[in-house]
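If you count by my numbering, then the sequence shown holds residues 2 to 216, one letter each, in order.
The next block holds one structure in the form of structure tokens; read it before the comments.
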Amino acid sequence: MSRAPRAAWSYIGRAPGTYIWLVILFITTVAMHHMSPQFEEEFLRQRSTNIHELSSNPIRVLFSSAMWIDGGYWLPYAVLYTVFHAQAEHWLGTARWLAVCVAAHVLATLISEGSLLLAIRHGMAPHSAVNTLDIGVSYALAGVVAVLTYRIAAPWRYPYVVVVLLVYGVPLATGRTFTDLGHFASVLIGLGCYPLVRGRGKAWNPKETVAAFRG
């Protein structure tokens, strides 16, 4: 049993960026639960990557929007970060993992908000949409989920990437919201980060893992 805490600590220690980010999200989530609904909405709107804020404070809101969770539930993100972000950081190293996160978060935000701006200009969305609340970490997460395709050895990676494309593609085809577009764009950006994964060691083969467990 003494090996389990050491293994857990080692797992966390090899992904410092992931768990520092999770600590920040925990603190901001607790803060959200102490805000009144009216104050929370206005507070988050000022840290949102909506069209209005992007046009006046792009760097600030692109950073601050990734420090808050939309919905206020931290535990599911702790699980997702451990399963996906930590694995990617272990594999790529902190700098390359962070590059994938930043690329997915920033580019997908610009793509999704750009599409919303076009919709407003063509009368397909109300002008009030320039102040739409848009915070959260899901674009970066989608990009990391996608880049992990290259962590898996062929032919196992192909079912994985099909599932990822379906998970993010079906909502885009059925809902067609700007956030659905942002999530799917994040997946494509993550897949486009292939140059960052070169030379990062042998791909994981599930068959070998199963064989090792069987002894």
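Yeah, the Cβ is synthetic: ideal placement off N, Cα and C, and Gly gets one too.
Predicted model only: the values in this text are computed from it and were never measured.
According to DSSP, residue pairing for W205 in a beta bridge involves I153. Of the other Cβ atoms in all chains shown, fewer than 16 fall within 10 Å of the Cβ of H128; this residue is therefore exposed.
Per DSSP, reduced to three states, the secondary structure at P127 is coil, with no helix or strand assignment. In terms of Cβ geometry, L149 and A89 form a close pair [threshold 8 Å]. The continuous alpha helix (DSSP H) containing Q88 extends over residues A87 to L93.
In the same chain as G183, and ignoring 5 residues on each side of it, the C-beta atoms closer than 6 Å to its own belong to A109, S113 and Y140, in chain order.
By the criterion of at least three beta-carbon pairs nearer than 8 Å, the segment 44 to 53 is not in contact with the segment 82 to 97.
Between D71 and G137, the C-beta gap is smaller than 8 Å, which places the two residues in contact. The C-alpha of R122 is placed about 37 Å away from the C-alpha of H86. Nearest to M36 by alpha-carbon distance, out of G73, V211, T83 and D135, is G73.
Linking V62 to T95 through their CA atoms gives a straight-line distance of about 23 Å. Considering only Y159, T178 and V145, the residue with the shortest C-alpha distance to R97 is V145. Under the DSSP assignment, Y78 falls in the alpha helix (DSSP H) whose first and last residues are L76 to L81. The alpha-carbon separation between E41 and A204 amounts to approximately 44 Å. In this structure, DSSP gives Q39 a helical state, which the three-state scheme calls helix.
Note on geometry: alpha-carbon atoms of M33 and E209 lie some 45 Å from one another. Counting along the chain, R7 sits inside the alpha helix (DSSP H) bounded by residues R4 to G14. Taking a 10 Å sphere around the C-beta of S11, we find fewer than 16 other C-beta atoms and assign the residue as exposed. A distance below 7 Å between beta-carbons, with the five flanking residues on each side excluded, links N132 to the following residues of its chain, in chain order: R46, N51 and H53. A distance of 8 Å or more separates the beta carbons of S187 and A67.
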